[in-house]
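Take a look at the structure below.
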Amino acid sequence: MSQGKNGLTYAEAGVDIDAGNAMVEKIKPLVRATRRPGADSEIGGFGGLFDLKAAGFSDPILVAANDGVGTKLKVAIEAGIHDTVGIDLVAMCVNDLVVQGAEPLFFLDYMATGRLDPDQGAAIVAGIATGCREAGCALIGGETAEMPGMYGENDYDLAGFAVGAAERGQLLPTDDIAEGDVILGLASSGVHSNGFSLVRRIVAKTGLDWTDKAPFAEDRTLAQALLEPTRIYVKSLLGAVRGTHGIKALAHITGGGFPDNIPRVLTHDWSAELDLDAIDAPPVFGWLQKAGGVADQEMLRTFNCGIGMIAVVAAGQAAQVAAVLNQAGEHVTSIGRIVPRRDAGVIYRGSIEL
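Residue 919 is where the sequence shown starts when you use this note's numbering, and the numbers rise one by one after that.
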């Protein structure tokens, strides 16, 4: 095959294959660290493999989820902090698996960027590997796409894909949710990965820089505080589900907050009555509300407001489930109960102190 004297190359068009290969070599040890029964976590093939039998399942139902990090990535990009958003990516997927009673088994990621920086890419994958280890799932593959002209040179986007499994008959929610069941709230680690378009608008309004001290956490910069990764609830919840058999439903509090997420796990017979006075919201939410002039209802529908996960539990087992979760490192508060269906899927009592 002949090439003209002034022939163009792929690298001159903005795609550096050598940089991609360099990144793969950098991340191989990170990927190996996520090994678990069923996956050897070696990358480089055309597809990742997983052995359900080796993972200990006999009659499994597979559960799949995919998600991204949203415009929280803009904070990471502008602040130059890339080693935590990978945890968010995993969390947003695996937390959606565990609410259905499924154990996350494996994870794949997709990264698109305008110009591939192997060190930046390795930092992102390091966060993904950390998230996978926290969730107990294997990172078995992924894709990195260098797309000049589609993305700005310093921009990137992430997507994650997770697959889990539960034995047949053990999926959540159960069909025995009843009046008087207790709603337990598991504390969030902060804003998690929702509402960042509003967060960024509020920060712009204040005139603060990402390197300024966070008004709500003065031991960290604003960027560091807002980039606190989404909490991964997988291991503590699986322990409680399997150890107590008292959890009837779980809901991951993401975009849409309480009013959009809790009804997803209830039939039309039931509403969730929440005691907002019982919720101890972290200072970040009070700062966001005050700095942005955001109404209470808008806060409750945009942010998790301090509760990243809720569990519906039989009243007689609420104390036991809460104790197991607290022992596993969660901060658990009783925040409501199940009542017969009214006009809305979520009913508020009291007011949240932000």
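Heads up, the beta-carbon is just placed ideally off N, CA and C, and yes, glycines get one too.
- Straight across, the Cα-Cα distance linking L967 with A1122 is about 45 Å.
- In this structure, the beta-carbon distance from L1076 to L1007 falls below 7 Å.
- In this model, S1106 and C1223 are separated by some 8 Å (Cα to Cα).
- DSSP, reduced to helix, strand and coil, places L1144 within a helical segment of the structure shown.
- With at least 16 other beta carbons inside 10 angstroms of its own, E1248 counts as buried.
- Straight-line spacing of the CA atoms in V1230 and D1093 works out to 12 Å.
- It is roughly 17 Å from the alpha-carbon of T1048 to the alpha-carbon of I961.
- In this structure, the beta-carbon distance from S1154 to A1246 falls below 7 Å.
- G1254 has I1101, L1192 as its beta-bridge partners, per DSSP.
- Between Q1038 and L1089, the CB-CB gap reaches or exceeds 7 Å.
- Within the region 1039-1070, the complete beta strand (DSSP E) segments at least 3 residues long are 1056-1064, listed from N- to C-terminus.
- Cα atoms of M1029 and T1062: separation of roughly 5 Å, rounded to the nearest angstrom.
- Within the model, the alpha-carbon separation for R1138 versus W1205 is close to 15 Å.
- Here R1259 carries a coil assignment [DSSP, helix/strand/coil].
- A1040 and F1203 have their C-alpha atoms spaced approximately 32 Å apart.
- Take K944, set aside five residues on each side of it, and the residues of its chain with a beta-carbon closer than 7 Å to its own are P1036, A1040, in chain order.
- With at least 16 other beta carbons inside 10 angstroms of its own, D934 counts as buried.
- Taking every protein chain shown into account, the CB of P1258 has fewer than 16 other CB atoms within 10 angstroms, so this residue is exposed.
- For G1254, same chain residues with a beta-carbon under 7 Å away, outside a window of 5 residues either side, are I1101, A1190, E1191, L1192, D1193 in chain order.
- In the three-state scheme derived from DSSP, where H, G and I count as helix and E and B as strand, K1166 is classed as strand.
- Under the DSSP definition of a beta bridge, A982 partners with V1081.
- The Cβ-Cβ distance between N1179 and A1167 does not fall below 7 Å.
- The beta carbon of R1267 is closer than 6 Å to those of D1193 in its chain, skipping five residues each way along the sequence.
- Per the C-alpha coordinates, the member of E1216, V1012, D1198 positioned closest to G1108 is D1198.
- Judged by DSSP in its simplified three-state form, L1023 adopts strand.
- Within its own chain, the residues whose Cβ lies closer than 8 Å to the Cβ of R1219, once the five positions on either side in sequence are excluded, are G1174, G1175, F1176, P1177, D1178, listed in chain order.
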